[in-house]
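Some notes on the structure that comes next.
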Amino acid sequence: MQVNWQSSDERGNHLYVVKKYLHALPLFTEAIELCPDSSAYCGNHSACYSKRHQYGNALDDAMKSAALDFTYATEYIAIVKCHLALAELCTAHHALSIVNQLTPTSAAIRPEVQKLAVVRRFDEEALEAYQKPDYRKVVFCMDLLLEEAPCTMFTHVKT
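Each number in the numbering used here corresponds to the 1-based position in the sequence shown with 19 added.
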């Protein structure tokens, strides 16, 4: 039995490396079914979904992975990325604080902290521009937001 889940994971990892995320997903699913207590397999599954811009599914798997190993800072960073992509800024901030508690000196969280600050700034600027109403600036801010956080909410606001 152990050989099967390791084999599925190894084949999934190979497909992930060559950017065949759609083909890697069922292999990671199989590995999870055979070894449901592995936070790494849930993390791999999450990474595939994230690469396919399926952030809701990626978030679900990242949360499962973090629940299986609450000290796994990498998964909390994945959670932050998913929340940012879904424009869930408060939850992204909360997940960042958990990463900061787990690894206070980690350089891996700096880009996410910066991205969150940029997204918050342009979100606030877009709201102010909308209230004026300065719709050209709203569209400008939404374009910048979509570069940082490709979520449907910002697309809808832009339109």
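We put the beta carbon where it would ideally sit given N, CA and C, even for glycine. Quick caveat: nothing in here was measured; it's all calculated off a predicted structure.
In this structure, the straight-line span from the alpha carbon of H102 to that of A85 is close to 14 Å. Using a 10 angstroms sphere on the CB of K39, the tally of other CB atoms stays under 16, which defines it as exposed. For the pair L164 and S116, the Cα-to-Cα distance works out to about 22 Å. When DSSP assignments are scanned along the segment 48-101, no uninterrupted stretch of beta strand (DSSP E) that is 3 or more residues long falls wholly within it. Contact between D28 and N63 holds, with the beta-carbon distance rounding to 7 Å and staying under 8 Å.
Our two residues, A59 and T48, have alpha carbons roughly 12 Å apart in a direct line. If the five residues before and after L44 are omitted, its C-beta is found closer than 6 Å to the C-beta atoms of C67, all from its own chain and listed in chain order. Between the beta-carbon of I98 and that of L78 there is about 7 Å, and that keeps the pair under the 8 Å contact cut. If you draw a straight line from the Cα of L53 to the Cα of V137, it is about 41 Å long. If you compare the alpha carbons of G75, T124, A81, I128 with that of S57, the shortest gap goes to A81.
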